[in-house]
Amino acid sequence: MVGSGCYCRRGPGRGDKCQRRALFKKTCSFLAVFFYVRYAVSYRDLEAIMAERGADVDHATLSRWVVKFSPMVAAESQRRTSATSRSWRIDETHIKVKGVWTYLYRAVDKRGRTLDFMLFEHRDEAAATGFFARALTNNGWPKKVVIDKSGANLAGLETLNWRLILQGWFWLIDICCVKYLNNIIKQDHRFIKARKRGSVRNAEKSSFRENRIRSII
Numbered sequence: 001m002v003g004s005g006c007y008c009r010r011g012p013g014r015g016d017k018c019q020r021r022a023l024f025k026k027t028c029s030f031l032a033v034f035f036y037v038r039y040a041v042s043y044r045d046l047e048a049i050m051a052e053r054g055a056d057v058d059h060a061t062l063s064r065w066v067v068k069f070s071p072m073v074a075a076e077s078q079r080r081t082s083a084t085s086r087s088w089r090i091d092e093t094h095i096k097v098k099g100v101w102t103y104l105y106r107a108v109d110k111r112g113r114t115l116d117f118m119l120f121e122h123r124d125e126a127a128a129t130g131f132f133a134r135a136l137t138n139n140g141w142p143k144k145v146v147i148d149k150s151g152a153n154l155a156g157l158e159t160l161n162w163r164l165i166l167q168g169w170f171w172l173i174d175i176c177c178v179k180y181l182n183n184i185i186k187q188d189h190r191f192i193k194a195r196k197r198g199s200v201r202n203a204e205k206s207s208f209r210e211n212r213i214r215s216i217i
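Residue 1 is where the sequence shown starts when you use my numbering, and the numbers rise one by one after that.
Spelled out as structure tokens, the structure:
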């Protein structure tokens, strides 16, 4: 799959410039990062996976690659996202990150594809409003948003609608509080939690944690 194409060619001398640069092509580094964030493997397992593909790279180097390149992988994934449905499902779930319980807010379209997410310390109107504003900025305006009977989520969406009215914009978001319509995202929470156990708990920085989760979902 990767083979010897992962390597730069070594020069004859110890001081060769290629030795002072990265020994691996960036595509190889990105592939390793993709494996790590997509399949929630350990660095030791990833070292073995890359060795099977002809890339002899140490697990410590893989760790540095993940920290350095995961934001780029996440950004590229977001850039390649195709046009989304205008019917969204939004929900939040409680997950533990580095021993601290946080709320993971997620938005998916009606096909179940993740549109956006954010981590918050609290589940309240301010958190819901902040998440909705970010999701709208990144994905455009939905025609309908389905939520459960969470008062915070309802208040957050109503706040956005009032802001639109005050700005003279009357194409408001249709808020649909029907629990069973949100089953697609609620069932997906279990998948996210299972993947998170092997991927988020070892993150060292909050921005890195977000990039890890973004690459996973």
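Note that CB positions come from ideal geometry on N, CA and C, so glycine has one too. Keep in mind that this is a model prediction, so the values were computed, not measured.
query = So, is residue 65 buried or exposed, given that buried needs 16 or more other C-beta atoms within 10 angstroms?
reply = buried
Nearest to residue 93 (by Cα), restricted to the options 118, 161, 111 and 33 = 118
task = Tell me whether residue 170 is buried or exposed, calling it buried when 16 or more other Cβ atoms sit within 10 Å of its Cβ.
result = exposed
request  = Specify, as a first and last residue, the run of the beta strand (DSSP E) that residue 134 falls within.
outcome  = Not the beta strand (DSSP E): residue 134 falls in the alpha helix (DSSP H), residues 125-139.
query = Taking the alpha helix (DSSP H) that residue 166 falls in, what are its first and last residues?
reply = 151-166
message = According to DSSP, is residue 173 part of a helix, a strand, or is it coil?
response = coil
query = Could you give the distance in angstroms between the alpha-carbon of residue 129 and the alpha-carbon of residue 48?
reply = 44 Å
ask   = Taking 7 Å as the cut-off, is the CB of residue 121 close to at least one heavy atom of the ligand PLP?
value = The ligand PLP is not part of this structure, which contains no ligands at all.
ask   = What's the C-alpha gap between residue 134 and residue 116?
value = 8 Å
key: Unbroken alpha helix (DSSP H) run spanning residue 46, endpoints   = 43-52
ask   = Do you know how far the Cα of residue 89 is from the Cα of residue 106?
value = 8 Å
inquiry  = So, under 8 Å CB-CB, residue 179 and residue 144 are touching, yes? Tell me the CB distance rounded to an integer number of Å.
reply    = About 15 Å; that fails the 8 Å criterion.
ask   = Could you give the distance in angstroms between the alpha-carbon of residue 35 and the alpha-carbon of residue 126?
value = 35 Å
key: Pairwise C-alpha distance: residue 166 and residue 172   = 12 Å
request  = Please go through the same chain and pick out, in chain order, the residues whose beta-carbon is closer than 6 Å to the beta-carbon of residue 63, but skip the five residues on each side of it.
outcome  = 43
query = Between the beta-carbon of residue 69 and the beta-carbon of residue 33, is there less than 8 Å?
reply = yes
ask   = Under the three-state reduction of DSSP, which class applies to residue 122: helix, strand or coil?
value = coil
message = Distance check for residue 156 and residue 139, CA to CA, integer angstroms please.
response = 17 Å
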